[in-house]
Structures are given as C-alpha cells and as structure tokens.
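Asker: Here it is: the structure, laid out below.
Chains as they are written, first to last, in this note's numbering: chain A, 10 to 120; chain B, 45 to 156.
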C-alpha cells in the first residue's frame, strides 16, 4: 500500500486544456514536494510546500497543500506539450531523514 | 551547476552476477539515497546514508547493500543479481527532507 496515493495514474489531454493532479495520504506531512521527470532523466524539483493551506504558483502551475497537511494538488492551466512528463509528489514526515514518494502521474499533452 | 552522476546509463547482467552501481555528487551533501523506479510504483527507497560510513535501510533493502567510504560517493551493490531486480535505479543527494533532492540520470539495469 502506497503511503502517498496519486491520481490519476495516467492523463492524456490536448494542448490548451486545464488539468489537476492529486496527491493524497492518511498521514500528516511536515512538507510536500512536487517533482517532474522527463524520459531518460532523473526527477527535478518544481516546488516545496510547507504550511497547511499554502498555495504556490510557478507560471501556469499552481500547487496547494491541504489544510491538514495530508494532501496536495497540482493544477496546470493551458497545458502545453512541454508539460509532458511524470509528476511525482514526495512528503517529509516528522524527524525522518527521507522522503516518501507517490506513485506518480504520467501526463501527456498532445499538440 | 549542481551535479549527481551515475556510473552507467544502461547495464545488462546475468542472474547471479555481482553488480556495482556508483553515484557521485559534487554538492557536499550529507544525505545520499538509492531508489528503484518501476512503472506504477513510483520511487521506492532502497537505502540511504546520512554520513560517511553510515547507512540506513529504506523500504526495500532486501537483496541490496551499500557503501559510503567518501562523502561524495555512494555505491549500491547487488550481491547476486536476480531477474526481479531489473529496474531503473536512481541516486539522489540532498540536505534536510524539506530541501531539494538532486537526482542523477538513472541506471537502467536489465538482469537476464
């Protein structure tokens, strides 16, 4: 059982559409990160959210951390083919030194 | 520019062979990590190290061992490779869990 569940697992949309990816858990996280991974590369950090209810924007990407710090969402406005990739959420819990990663959402944006 | 490098991008090994995967970081990070990545399962932590010669088991350490003799280098060892260890292996380094983890490009290992 994954500690962090991401949905949907796969998403294929047309250029210009909006989308939301979810990252849910029954556990509380002290912080949550979102990474994007392109084929043949390692994941690259997009954002870190720390405070419950926090919203961060990165151009057309909006990240939200749930009030209870158990869930997070990533919303992309007017998706572009360059947004194609695997999106991973990762949470830090308590005093643990390591992150827990979600199962990932594979996004394909068609031109 | 920060960098995490992995010794090989692709490896093909036979069942029972000993396999070494090496990772080097140039950011003077205390923490280094080895993950495996399989479709639908995300990244699963194998082992991590928070200091030279220190290691801790992650979620799936069985069949693997690690070595950290120098701060910048973290090695993953498959003592006797098996077909179920065919996977993508990713190394990362970082500071605290709230800070960025920097990943290498990965090693795609095929065990025949």
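In this text, a Cβ means the ideal position worked out from N, Cα and C, and glycines have one as well.
In chain A, which residues lie with their C-beta within 8 angstroms of the C-beta of residue 94 of chain B?
Answerer: Stepping through the second chain from its first residue, residue 94 of chain B is reached at position 50. The contacting residues are 106.
Asker: Can you pull the chain B neighbours of residue 57 of chain A, defined as C-beta to C-beta under 9 angstroms?
Answerer: Sequence index remark: in the first chain, residue 57 of chain A carries index 48 (1-based). Within 9 angstroms Cβ-Cβ: 142, 143, 144.
Asker: Strictly under 8 angstroms for the Cβ-Cβ distance: is residue 50 of chain A near chain B by that measure?
Answerer: Here residue 50 of chain A refers to the residue found at position 41 when the first chain is read from its first residue. Yes, because at least one Cβ of chain B sits closer than 8 angstroms to the Cβ of residue 50 of chain A.
Asker: By how many angstroms is the C-alpha of residue 12 of chain A removed from the C-alpha of residue 43 of chain A?
Answerer: Taking the first residue of the first chain as 1, we reach residue 43 of chain A at position 34. Taking the first residue of the first chain as 1, we reach residue 12 of chain A at position 3. Taking the straight line joining both Cα atoms gives about 15 angstroms.
Asker: Quick one, are the C-beta atoms of residue 65 of chain B and residue 120 of chain B less than 8 angstroms apart?
Answerer: Residue numbering aside, residue 65 of chain B sits at position 21 when the second chain is read from its first letter. Residue numbering aside, residue 120 of chain B sits at position 76 when the second chain is read from its first letter. Yes, the Cβ-Cβ distance between residue 65 of chain B and residue 120 of chain B is below 8 angstroms.
Asker: Does residue 128 of chain B get closer than 8 angstroms to chain A when you measure Cβ to Cβ?
Answerer: Taking the first residue of the second chain as position 1, residue 128 of chain B is located at position 84. For residue 128 of chain B, the answer is no, since every Cβ of chain A falls outside 8 angstroms of its Cβ.
Asker: Would you mind working out which of A/31, A/17, A/48, A/15 sits nearest residue 152 of chain B, comparing C-alpha positions?
Answerer: Counted from its first residue, the second chain places residue 152 of chain B at position 108. Here the closest residue by C-alpha is A/48.
Asker: Looking only at DSSP bridge pairs, what is residue 93 of chain A linked to?
Answerer: Numbered from 1 along the first chain, position 84 holds the residue referred to as residue 93 of chain A. Its beta-bridge partners do not exist; DSSP assigns none.
Asker: When DSSP labels each residue in this structure, what does residue 27 of chain A get in the three-state scheme?
Answerer: Looking up residue 27 of chain A in the first chain gives position 18. If DSSP states are grouped into helix, strand and coil, residue 27 of chain A belongs with coil.
Asker: So if I threshold CB-CB distances at 8 angstroms, which residues from the segment 77–91 of chain B count as touching chain A?
Answerer: Listed by position, the residues of the segment 77–91 of chain B near chain A (Cβ gap below 8 angstroms) are 77, 79, 84, 85, 86, 87, 88, 89.
Asker: Please determine if the segment 74–88 of chain B and the segment 108–124 of chain B are in contact, where contact requires at least 3 C-beta pairs separated by less than 8 angstroms.
Answerer: yes
Asker: Using the C-alpha atoms, what's the distance from residue 23 of chain A back to residue 93 of chain B?
Answerer: Along the second chain, read from residue 1 onward, the residue named residue 93 of chain B stands at position 49. Along the first chain, read from residue 1 onward, the residue named residue 23 of chain A stands at position 14. Each residue's alpha carbon lies about 42 angstroms from the other.
Asker: For residue 57 of chain B, which option in B/113, B/127, B/50 has the closest C-alpha, if you only look at C-alpha atoms?
Answerer: For the purposes of this step, residue 57 of chain B is taken as the residue at position 13 of the second chain. The candidate whose alpha carbon is nearest that of residue 57 of chain B is B/127.
Asker: To be precise: take each residue of the segment 85–112 of chain A, compare its Cβ to all Cβ atoms of chain B, and keep it if any distance is under 7 angstroms. Which residues remain?
Answerer: 97, 101, 105, 106, 107, 108, 110, 111, 112
Asker: Give me the DSSP bridge partner(s) of residue 22 of chain A.
Answerer: The residue labelled residue 22 of chain A in the question sits at position 13 within the first chain. In DSSP, residue 22 of chain A forms a bridge with A/118.
Asker: Is DSSP giving residue 144 of chain B helix, strand or coil here?
Answerer: Working through the second chain from its first residue, we reach residue 144 of chain B at position 100. In the structure shown, residue 144 of chain B sits in coil (DSSP, three-state: anything other than H, G, I, E or B).
Asker: Suppose you measure from the CA of residue 118 of chain A to the CA of residue 18 of chain A; what does that come to, to the nearest Å?
Answerer: As a first step, residue 118 of chain A is located in the first chain; it is residue number 109 there, counting from the start. As a first step, residue 18 of chain A is located in the first chain; it is residue number 9 there, counting from the start. Spanning the two alpha carbons is a distance of roughly 14 angstroms.
Asker: Determine the extent of the beta strand (DSSP E) in which residue 104 of chain A is found, giving its start and end residues.
Answerer: On the first chain, position 95 is the one that residue 104 of chain A refers to. Residue 104 of chain A -> no beta strand (DSSP E), and no H or E assigned at all.
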